[in-house]
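Numbering (this note's numbering), first residue to last: 269 to 411.
Okay, here's the thing in structure tokens:
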């Protein structure tokens, strides 16, 4: 069969988000479709910070340089350096599974390259959450 007659399966599709972040290879090959997610995290499914919620916001530390610099790490640092994004948003922008993003962000945070911003300090203690809810109910009742 002639190559000219073979339709392009990607024709008409919008470009993938974050696609340009994967072109780190010297030959320009896009390895994002053939590399299994667990190889991107060296087989790990958790990092030291395995409690990262999907809504946790990530920002890059200004001037931090990454000695490892894989495509995932570069992508996270680039996006988090432009604006604060959640774990879920990073996953969507880079077209990577949430588990991979959690592990890589945990590694970057452990190395001081990103800052992870979770909810308020009260969310760390369920007793504080109860106090907040009670005060909200008291305020509503006072209306």
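Positions of the beta carbon are idealized from the N, C-alpha and C atoms, including for glycine.
Range of the contiguous beta strand (DSSP E) that encloses residue i
i	result
residue 327	325-328
residue 384	382-385
With 16 other Cβ atoms within 10 Å as the buried cut-off, status of residue i
i	result
residue 380	exposed
residue 410	exposed
residue 368	buried
residue 348	buried
residue 376	buried
residue 337	exposed
Beta-carbon spacing of residue i, residue j below 8 Å
i	j	result
residue 358	residue 326	yes
residue 356	residue 405	no
residue 408	residue 372	no
residue 328	residue 400	no
Nearest neighbour of residue i, chosen from the options [CA to CA]
i	options	result
residue 351	401, 374, 402 and 384	384
residue 320	348, 398, 374 and 400	374
residue 353	397, 386 and 398	386
residue 361	342, 376 and 377	342
residue 340	331, 366 and 397	366
Start-to-end residues for the alpha helix (DSSP H) that takes in residue i
i	result
residue 378	366-378
residue 343	339-350
residue 356	355-362
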